[in-house]
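S.K.: Please read through the structure below; I'll follow up with questions.
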Amino acid sequence: MATGSPTRTTCPYCGVGCGVVATPQEDGTVSIAGDRRHPANFGRLCSKGSALGETLSLDDRLLHPEVNGRRAGWDDALDLVARRFSETIAAHGPDSVAFYGSGQLLTEDYYVANKLMKGFIGAANIDTNSRLCMASSVAGHIRAFGSDTVPGTYEDLEEADLVVLVGSNMTWCHPVLFQRLLAARERRGTTIVVVDPRRTVTAEAADLHLAIAPNSDVALFAGLLDHLDRTGLRDRDYVERHTSGLDQALAAAQGRGFPGAMEATRLPAEQLREFYTLWSRSERVVTAYSQGVNQSVAGTDKVNAIINCHLFTGRIGRPGMGPFSLTGQPNAMGGREVGGLATMLAAHLDINRPDHREMVRSFWGSPGIAARPGLKAVDLFRAIGQGRVKAVWIMGTNPADSMPDADAVEDALRACPFVVVSDVTRTDTTRHADVLLPAAAWAEKSGTVTNSERRISRQRAFLKPPGEARPDWRIVCDVAARMGFSEAFDYRSPAEIFREHAALSGLANDGTRDFDISACAGLSESAYDALAPVQWPRRPGEGLDGTATRFFAEGGFYTPDRRGRFVPTPVAPPEASEEFPLVLNTGRIRDQWHTMTRTAKTPRLTSHYAESFCEIHPEDAEDAGIGPATLVRIVSPQGTAVVRALVTERQQKGSVFVPMHWTDQHAAQGRISAAVLPAADPVSGQPGLKFSHARIEPYEVAWYGFAVVRNRPETIPAEYWALARTDGGWRIELAGAAPAQDWATYAAALIGRGEDPETLSYSDQDRASFRLATFSGDRLLGALFIAPQPVAVSRTWVVERLAAPAIRGAERLRLLSGRPGADQPDPGPIVCACFSVGANQIAAAVADGAASVDAVGEAVRAGTNCGSCRVEIRRLIDAATLKTAV
Ligand code: SF4
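Here the sequence shown is numbered in our numbering, starting from 1 and rising by one per residue.
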């Protein structure tokens, strides 16, 4: 691990699971590049992956254990955790304690946590944030296949003639895979259909966008099944030899058919017909789906409605065809392998089967084993709030912001007698921890992860853990030993854990279960270290050479009769609410990840969207009296959030969209999960994060502000604020109910004072508008702009001044105006994060004749690195072309 030696590892963000080459530099920075040899990305990285090197600073890291907010030694902290868990179990039974983990954990971390809870504590109360991500896919797979198997591979998306993306903004959420798909379309003319209520950037790139009504996916695919049946598309041989349950599924679909699909989806007949015809005529069709399918109270039915169509046509497990679940998190799949959910046992064994439970118990040599499934995430936090769970250990995740009904989750944690949090940084969850344990972060951890196509890759450490931080597997084993289970948790390395995990997968398997990596059970430490990315084999030994493996082309399902099951999917129209007439949809944006603990550290990634927003259709905005860029309060029966209004026709009327990312660390009232309903799918337990009843109202303020400051203020005196990092400091959006008595004093408190300060200011007569800039020597220390309406200044240009080495003379005055002079073009809002190219620069390139995305790239470099912004560039070209034509 000498400075300068490159390490092959994997990106810790999304389920694409890209290979990364990290090379520490002499100056202490780390250069990041895509791994050309990794079969997930072949060298590509998206904006988030490319910026990984900028997220490694230690400024916000947890470096020492803390007990009740005070620094403690590891021994004291671990002793306390073991003692309180043991005492709680002794007094109230094993079901009175719980673990809540994360798809960010490595498989080895997951394995030991699951082993401790299910085998040695004897309860199954170990759930993870994967419950929020793909639990409906797991449940749908198990209902149809008898196992949690993703049948296909990424290559299938490149070999398909038709790719249908359902509830997936793949351009932003699985960017590298989307780039692979676009490249395949270039080569072979793939047709891309997007099914999504919103006109996302992915929908804009599609050949056909079906803007269905929210939560009408089941009706869409039940209608498709009926259509396939009516048009004679049944693969009779496949259905007869390999499946069961078709009659019931068809009966449910026929009950509604085409008219039912039209009514539920609210699509025009010709669009629906076009889609059904396309799907029917394309032998090579992949239906890929993500959170728009999974995060629903009907998520499992949505998954099965899709799978039914693939089983019916036998389009599964062959090149270029099949249903494909796009996993949200980097290691959600690895967590599933080891049973890291409350409803699973390790190695895809069934927690409901006594023989499987006994098999695992005896393999582990544990005194007992959980006799039934444990509490799923929503129920788990409810049980904490009700006092039924009295000790919880949260590992590497931030439920105070990510869970639905997040205020109730915070109340539950506040009331819980004993809360342990192991994490990398402080979050809104860590403020409730009795014991805080500093965990090693991505760059410091070693183990394995499994991506959406079942490919296991090594994550390798290239930095030493800072301070006293330790890997998660080590922390869990240390607690287990103190609880009296030292022999079973006496691991010396992640490789040792992986070998045990691999051996368990082969136990009494003989092809009866999909997950069998027992060929890896004998890996030496060095072989584990060198392990190349490998897909789960379909039979022992297969796939070890890196070739793609697929399941179910010739049947061989993992149900008791080895037949794939059709599942009837009844259509239940979503309930309406008069008081809360809008549908609140939450999701990701391009450059942020989860609750921003990493991605908010890099100015490049915060430049795309520096504050949270609510996408609102213009008619809904007008009805509610909300103007563009004003502030909007989203109100639901659960809670509220305040964000910026983004009025756009991309949003369907009757629905609003708010990003999931903002927390109390970066905004005053931006936690949208506080307003999300905790209703969950009855089969999978996955909450319906994309469908909450809500209403919107103006958030009345007397003033708006925008500031740039060199140092993060300790407090921000405003009812509304949103804070983001920039090169050289921070940018802050502000708004308040009453103007400050003295704006100059207000500005001084926000900006601070440097050496040799010089301040320029301007205010109008009634003091409704105020502008101030303070310089320390040649450099800008901070600037504040106050106005009665949303502040209209060139934010990108002002932000850039903060990093400028010298600002003198006329430029100081220009800063007060908030706009550059003619000699300094305004870049406009940043579109390309990789090269910091703004919308105005792209517009100028188009005006100069750049008529294609590639031509814009040649002119200003935008879109030439990761490609995540290419659809937005296309949108700007189209808008400019339209303007010229008009
Ligand atoms: S697509 Fe982007 S975020 Fe996802 S794994 Fe690849 S580089 Fe990371």
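Glycine included, C-beta positions come from ideal geometry on N, C-alpha and C.
Keep in mind it's a predicted model, so treat the numbers as computed, not measured.
What three-state label does DSSP hand P373 in the structure shown?
M.R.: The sequence position of residue 373 within the sequence shown is 373, counting from 1. Note: P373 maps to coil in three-state DSSP.
S.K.: Would you call C18 buried or exposed, if buried means 16 or more other Cβ atoms sit within 10 Å of its Cβ?
M.R.: In the sequence shown, the residue the question calls residue 18 occupies position 18. Classification of C18: buried, given that the 10 Å Cβ count is 16 or more.
S.K.: Kindly indicate which residue of L246, G506, F324 and L311 has the alpha-carbon position closest to the one of V914.
M.R.: Since the first residue of the chain shown is 1 and the last is 886, residue 914 is not available in this structure.
S.K.: Going straight from the alpha carbon of G49 to that of C11, what length do you get?
M.R.: On the sequence shown, residue 49 is found 49 positions in, with the first residue counted as 1. On the sequence shown, residue 11 is found 11 positions in, with the first residue counted as 1. Straight-line Cα distance between these residues: approximately 6 Å.
S.K.: Quick check on this structure: which residue in S86, A264 and D156 has the alpha carbon closest to the alpha carbon of G122?
M.R.: Mapped onto the sequence shown, residue 122 falls at position 122. Closest by alpha carbon: S86.
S.K.: If you check the beta carbons only, do S244 and R565 fall under 7 Å apart?
M.R.: Working through the sequence shown from its first residue, we reach residue 244 at position 244. Working through the sequence shown from its first residue, we reach residue 565 at position 565. Yes. Within cutoff.
S.K.: Have a look at L784, Q248, D620 and E811 and flag the residue whose alpha-carbon is nearest the alpha-carbon of Q652.
M.R.: Translated into positions along the sequence shown, residue 652 becomes position 652. If we check each option's Cα against that of Q652, D620 comes out closest.
S.K.: Are there any heavy atoms of ligand 1 lying less than 6 Å away from the beta-carbon of C869, as far as the coordinates show?
M.R.: Stepping through the sequence shown from its first residue, residue 869 is reached at position 869. No - ligand 1 has no heavy atom lying nearer than 6 Å to the Cβ of C869.
S.K.: If you reduce the DSSP assignment to three classes, tell me which class Q291 lands in.
M.R.: For the purposes of this step, residue 291 is identified with residue 291 of the sequence shown, where counting begins at 1. Residue state, collapsed to three classes: helix.
S.K.: With a floor of 3 residues, list each beta strand (DSSP E) that falls wholly inside the region 823-861, ordered by position along the chain.
M.R.: Fully enclosed beta strand (DSSP E) runs of 3 or longer: 830-832.
S.K.: Taking contact to mean 3 or more Cβ pairs, one atom from each stretch, closer than 8 Å, check whether the region 581-597 and the region 652-667 are in contact.
M.R.: Enough Cβ pairs lie closer than 8 Å, so yes.
S.K.: Between which two residues does the alpha helix (DSSP H) containing R812 stretch?
M.R.: Numbered from 1 along the sequence shown, position 812 holds the residue referred to as residue 812. Unbroken alpha helix (DSSP H) run through R812: A810 to S817.
S.K.: Going by alpha carbons, who is nearest to I877 out of C866, S868 and N840?
M.R.: Sequence index remark: in the sequence shown, residue 877 carries index 877 (1-based). When each option's Cα is compared against that of I877, the closest is N840.
S.K.: Does Q248 come out as helix, strand or coil in the three-state DSSP assignment?
M.R.: Residue numbering aside, residue 248 sits at position 248 when the sequence shown is read from its first letter. In this structure, Q248 counts as helix in the three-state DSSP scheme.
S.K.: Please specify which runs of the alpha helix (DSSP H), each continuous and at least 4 residues long, are wholly inside the region 729-765, giving them in chain order.
M.R.: Within the region 729-765, the complete alpha helix (DSSP H) runs of at least 4 residues are 743-751.
S.K.: Quick check: what's the CA-CA separation for I807 versus G670?
M.R.: Taking the first residue of the sequence shown as 1, we reach residue 807 at position 807. Taking the first residue of the sequence shown as 1, we reach residue 670 at position 670. Roughly 34 Å between the two C-alpha positions.
S.K.: Between which two residues does the alpha helix (DSSP H) harbouring E410 extend?
M.R.: The count along the sequence shown starts at 1 and reaches residue 410 at position 410. Its alpha helix (DSSP H) spans residues A406 to A415.
S.K.: Is it the case that the region 635-648 contacts the region 674-688, given that we only count it when at least three CB pairs across the two stretches are under 8 Å?
M.R.: The answer is yes - the region 635-648 touches the region 674-688, with three or more Cβ pairs under 8 Å.
S.K.: What three-state label does DSSP hand T586 in the structure shown?
M.R.: Stepping through the sequence shown from its first residue, residue 586 is reached at position 586. Strand, per DSSP.
S.K.: Mind checking which residues open and close the beta strand (DSSP E) that includes I634?
M.R.: Walking along the sequence shown from the start, residue 634 turns up at place 634. That run of the beta strand (DSSP E) goes L631 to V635.
S.K.: In whole angstroms, what separates the C-alpha of L228 from that of F312?
M.R.: Reading the sequence shown from its first residue, position 228 is the one you call residue 228. Reading the sequence shown from its first residue, position 312 is the one you call residue 312. Going by the C-alpha atoms only, they are around 8 Å apart.
S.K.: Please look up how many angstroms separate the CB atoms of I126 and G103, rounded, as I've assumed it's under 8 Å.
M.R.: Locating residue 126 in the sequence shown gives position 126, where the first residue counts as 1. Locating residue 103 in the sequence shown gives position 103, where the first residue counts as 1. With a Cβ gap of about 13 Å, I126 and G103 do not count as contacting.
S.K.: What are the uninterrupted segments assigned as beta strand (DSSP E) that are 3 or more residues long and contained completely in the region 2-36, given in chain order?
M.R.: For the region 2-36, whole beta strand (DSSP E) runs of length 3 or above, ordered along the chain, are 7-10, 19-24 and 30-34.
S.K.: Who are the near neighbours of L523 in its chain, counting only those whose CB is closer than 8 Å to its CB and skipping five residues on each side?
M.R.: Counted from its first residue, the sequence shown places residue 523 at position 523. Hits under 8 Å: A495, F498, R499, A502 and L531.
S.K.: Okay, do the region 745-757 and the region 703-715 touch, 3+ Cβ pairs below 8 Å being the bar?
M.R.: Yes, the region 745-757 touches the region 703-715.
S.K.: Just to be sure I understand the criterion: a residue counts if its Cβ is closer than 5 Å to at least one heavy atom of ligand 1. Which residues meet that?
M.R.: Spelled out in chain order, the answer is C11, Y13, C14, V16, C18, L45, C46, K48, G49, P175 and V176.
S.K.: Alpha carbon to alpha carbon, what distance is there between G685 and V860?
M.R.: Numbered from 1 along the sequence shown, position 860 holds the residue referred to as residue 860. Numbered from 1 along the sequence shown, position 685 holds the residue referred to as residue 685. About 47 Å.
S.K.: Taking DSSP as the reference, what is the three-state secondary structure of L278?
M.R.: The residue given as residue 278 occupies position 278 in the sequence shown. In this structure, L278 counts as helix in the three-state DSSP scheme.
S.K.: Judging by CA-CA distance, which residue of I751, L780 and Q789 is the nearest neighbour of A894?
M.R.: Residue numbering for the chain in the displayed model covers 1 to 886; residue 894 lies beyond these limits and cannot be assessed.
S.K.: Touch check for the region 128-139 and the region 324-342: three-plus C-beta pairs under 8 Å?
M.R.: Cβ pair count under 8 Å is three or more, so yes.
S.K.: For I126, which of helix, strand or coil comes out of DSSP?
M.R.: One-based indexing of the sequence shown puts residue 126 at position 126. I126 falls in the strand class under three-state DSSP.
S.K.: Grab me the residues of A406's own chain with a C-beta within less than 7 Å of its C-beta, minus the 5 sequence neighbours each way, in chain order.
M.R.: Your numbering for residue 406 matches position 406 in the sequence shown. Closer than 7 Å at the Cβ level, and outside the excluded window around A406, lie A400, R671, S673 and A674.
S.K.: Use the C-beta contact count for S526: other C-beta atoms within 10 angstroms, 16 or more gives buried, fewer gives exposed.
M.R.: As a first step, residue 526 is located in the sequence shown; it is residue number 526 there, counting from the start. Burial call: exposed.
S.K.: Near A342, which residues of its chain fall below 7 Å by C-beta distance, leaving aside the five closest residues on each side in sequence?
M.R.: Working through the sequence shown from its first residue, we reach residue 342 at position 342. A124, N125, I126, D127, P373, G374, L375 and K376.
S.K.: When the distance is taken between beta carbons, is R284 closer than 7 Å to M321?
M.R.: Here residue 321 is taken as the residue at index 321 of the sequence shown, counted from 1. Here residue 284 is taken as the residue at index 284 of the sequence shown, counted from 1. In this structure, R284 lies closer than 7 Å to M321 by Cβ.
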